[in-house]
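**Student:** Position in the sequence shown (first residue = 1) + 101 = the working numbering.
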Amino acid sequence: MTIRTRIAPSPTGDPHVGTAYIALFNYAFAKSQGGQFVLRIEDTDQVRSTAESEQLILDALRWLGLQWDEGPGCEGDCGPYRQSERSQIYQAHCERLLEDGHAFRCFCTPETLSTMRDAQVAAGQTPKYDGRCAELPAADVATRLAAGESHVIRMHVPNEGQCTFVDRLRGEITIPWAQVDMQVLMKTDGLPTYHLANVIDDHLMRITHVIRGEEWIPSAPKHQLLYQYFGWEMPELCHLPLLRNPDQSKLSKRKNPTSILYYRDQGYLPEAVLNYLGRMGWSMPDESERFSLDTMLSHFEIDRVSLGGPVFDIEKLTWLNGQWLTHALTDSEYLARLMEWGFTADFFKKVLPHLKSRIQVFSEASDWLMPLWQAKPHVTEAMFAETGLELETRLQVLQWTLWALESMPDFNRESVFHAVERVAAASELKLKAVMPMLFLALSGSTESISAFDLAVLLGPDRTRARIRHALEVQGGVSKKALKRLEKGYQAVLAVDKNRDSH
Ligand code: GLU
Numbered sequence: 102m103t104i105r106t107r108i109a110p111s112p113t114g115d116p117h118v119g120t121a122y123i124a125l126f127n128y129a130f131a132k133s134q135g136g137q138f139v140l141r142i143e144d145t146d147q148v149r150s151t152a153e154s155e156q157l158i159l160d161a162l163r164w165l166g167l168q169w170d171e172g173p174g175c176e177g178d179c180g181p182y183r184q185s186e187r188s189q190i191y192q193a194h195c196e197r198l199l200e201d202g203h204a205f206r207c208f209c210t211p212e213t214l215s216t217m218r219d220a221q222v223a224a225g226q227t228p229k230y231d232g233r234c235a236e237l238p239a240a241d242v243a244t245r246l247a248a249g250e251s252h253v254i255r256m257h258v259p260n261e262g263q264c265t266f267v268d269r270l271r272g273e274i275t276i277p278w279a280q281v282d283m284q285v286l287m288k289t290d291g292l293p294t295y296h297l298a299n300v301i302d303d304h305l306m307r308i309t310h311v312i313r314g315e316e317w318i319p320s321a322p323k324h325q326l327l328y329q330y331f332g333w334e335m336p337e338l339c340h341l342p343l344l345r346n347p348d349q350s351k352l353s354k355r356k357n358p359t360s361i362l363y364y365r366d367q368g369y370l371p372e373a374v375l376n377y378l379g380r381m382g383w384s385m386p387d388e389s390e391r392f393s394l395d396t397m398l399s400h401f402e403i404d405r406v407s408l409g410g411p412v413f414d415i416e417k418l419t420w421l422n423g424q425w426l427t428h429a430l431t432d433s434e435y436l437a438r439l440m441e442w443g444f445t446a447d448f449f450k451k452v453l454p455h456l457k458s459r460i461q462v463f464s465e466a467s468d469w470l471m472p473l474w475q476a477k478p479h480v481t482e483a484m485f486a487e488t489g490l491e492l493e494t495r496l497q498v499l500q501w502t503l504w505a506l507e508s509m510p511d512f513n514r515e516s517v518f519h520a521v522e523r524v525a526a527a528s529e530l531k532l533k534a535v536m537p538m539l540f541l542a543l544s545g546s547t548e549s550i551s552a553f554d555l556a557v558l559l560g561p562d563r564t565r566a567r568i569r570h571a572l573e574v575q576g577g578v579s580k581k582a583l584k585r586l587e588k589g590y591q592a593v594l595a596v597d598k599n600r601d602s603h
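1) For Ser549, which residues in the same chain have their Cβ closer than 8 angstroms to its Cβ, ignoring the five residues on either side in sequence?
2) Is the segment 330-344 touching the segment 401-411 in the sense that three or more CB pairs, one from each, lie closer than 8 angstroms?
3) Compare the beta carbon distance of Val267 and Leu326 with 8 angstroms and say whether it is the shorter of the two.
4) If you compare alpha carbons, which of Tyr377, Ile460, Trp164, Ala571 is closest to Trp425?
5) Just mark Asp178 as buried or exposed, buried being the case when its beta carbon has 16 or more other beta carbons within 10 Å.
6) Please report the distance separating the alpha-carbon of His603 from that of Asp562.
7) Can you give me the C-alpha to C-alpha distance between Thr244 and Glu250, rounded to a whole angstrom?
8) Please identify the residue among Glu315, Lys288, Glu587 whose C-alpha is closest to the C-alpha of Ile274.
9) Helix, strand or coil for Met306? Go by DSSP, reduced to three states.
10) Among the candidates Thr294, Met484, Arg307, Met287, whose CA atom is the shortest distance from the CA of Phe208?
11) Would you list the residues sitting across from Cys195 in a DSSP beta bridge?
12) Any heavy atom of the ligand GLU within a distance shorter than 7 angstroms of the CB on Val139?
13) Under 8 angstroms, do Met283 and His203 count as touching if we go by C-beta distance?
14) Under the assumption that Leu159 contacts Pro181 (Cβ atoms under 8 angstroms), give the Cβ distance between them as a whole number of angstroms.
15) Where does Gln189 fall in DSSP's three states?
16) Does the distance from the CB of Met538 to the CB of Arg495 come in under 8 angstroms?
17) Determine the DSSP secondary structure at Met287, reduced to helix, strand or coil.
18) Just reading off the beta strand (DSSP E) that Thr106 is part of, what are its end residues?
19) DSSP puts Phe266 in a beta bridge; with which residues?
20) With Phe138 as the anchor, note down where its beta strand (DSSP E) starts and where it stops.
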C-alpha cells in the first residue's frame, strides 16, 4: 500500500504557521516511507474563501519546500483538488446517503433552530439538533420539496451508546453519541459542509493517514459514521497537539505573528522555520537542535510525537535561525539568500515611487528604506513621549489600532487609513494628532514615507508586530487596562455603524 497523506487548508486568511506544522508532519510521514503528499484546498465556505489566500498558501508551502505530489498546479488522477470544483461529486454521494436512509432533509428555519437552542441552554443542556425532521413522513417531505422549501441535509446519528475510534498517538478514544450533533452535510445553497466533503475526498483521493490538529478530535465520530454509511474503510487517524504561545494559550495572531509570510519577510530562512516546526513535539533521536528536512526524513517516526502542547517561541526560532546563518551556509549561499530577502529588483520596483521624489543622491535612499530592512525600529518610551500625547492616550490609540488592523479582511492603504481614522475619531483626536506616534511606531523615526504606505510595504503582520513593540517599550498594557480598552473599543466599532446609518 502506498502511503498517502494530505494537507487540506481552507483559504480564508494568511498561511498559518499551524498549517505549515501540520503540512510538515504529513510530508515527513509520507516521504519517509516512500509515500505521497497531497494538497487539497477546502474552499466550501464561499464567503470566507478567497483566491488570494489560496495563492498565499501555495506560495508559503513552496517557500518552505513542502512541495506536494498532487494538488493545484500539479494534477494527479484524483482531481480536481479544489473542493469548489467538486460539487457534483458531493451531491451524488449525499443522494446516496438519503436513499440509504442515513441522512434526512431538515426544513427547520434559523428561527426554529435558535428557539430550540435557547430552550436547551435554559434547561442546562448542551445545544444540539433535536431530530424533529429526522422522521418526517416521505409524503410530507415530497410536498415541501415540490413547494421549493429551503432545507439542509443532515446525517442520522445514534441517540444512545458511544462511539469508539482509534487515534494513532492516543489509542482508543470514546465519545458518547449523545454529544454528537446530527451534523448538517449539505447547506441550503447545495454546498457540502467540511465533514461531508472531507470524508468523501479523503476516500476518493486514497488518503491512507489523516494527520491533523487535535481540534478535530470531536469530529472523528461523525467521520467514522460517514465512512460506515458509505461502506468505506476509514484512513488511520492521528491528531497532533496544537501549537501554543509561551504562556500556553493557543497560538493566535493576537499575541504573536502567525503568518508564515511574516517569517519570510522578517528574514528567517525557510530551512530554519521548518527545522523549528520539526521540533514541535518531535525530536531527533540524538536530540540535535539543527537539522535539515532530509535529515528529519531519514529519522522520522510519527509515534515519537509527544502530546504535551508544543510551544512556538519566536525567540528560540530566532536563535535557531542564527545557527543556520552562522553554520549552515557557504558565503555565496549567504549572499544569495540575503539578496533574495531584501535586495531584489522587485523590492526596489515597489519602493521606487516613494523614493523618486524624495532623494537627490542614492546614498540618501537608505534613510527612507531602513524601516523596511529592520527587524524592529529602535524606539524608546522617551521618543513616544515627545509625540505630544499622554501615555494613557498613546496606549489606547496603539491598542485600538492593533485591534482594528487585526479584523481587516483587506490590508491596503485605504483600509489602514480608515482604521486609524476610526481610532482617532473614537479617541476624540484629530488624525493629525495621532499620526506622529504611528510614524514613530512603524518607522522608528519622525520622518519617513507615509505611515500608510509603510504599513502596506511592511504587510499586516510586520505592521502589527511593530505596534505591539511600541506598546511594549512603553510598559505594555496591564490586564486591567486591557479590559477597560476592550470595553472602550466599542466606540471604534460604533464609528462605522454611525456612518453607515447616515
Ligand atoms: N479544512 C480543514 C482545516 O482548515 C482541514 C481539517 C482536516 O485536516 O481534516 O483545518
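Every residue gets a Cβ at the ideal spot worked out from N, C-alpha and C, and that includes glycine.
**Tutor:** Here's the rundown:
1) A distance below 8 angstroms between beta-carbons, with the five flanking residues on each side excluded, links Ser549 to the following residues of its chain, in chain order: Trp469, Pro472, Phe540, Leu543, Leu555.
2) yes
3) no
4) Tyr377
5) exposed
6) Summary for His603: the model assigns pLDDT 49, below 50, so the residue's position carries little reliability, and this model does not support an answer.
7) 9 angstroms
8) Glu315
9) coil
10) Met287
11) Looking at the DSSP assignment, Cys195 forms no beta bridge with any residue, so it has no partner.
12) no
13) no
14) At roughly 15 angstroms, the Cβ-Cβ gap does not stay under 8 angstroms, so Leu159 and Pro181 are not in contact.
15) helix
16) yes
17) strand
18) Thr106 -> beta strand (DSSP E) spans 105-108.
19) DSSP, once it has assigned bridges, lists Ile274 as partnering Phe266.
20) 137-140
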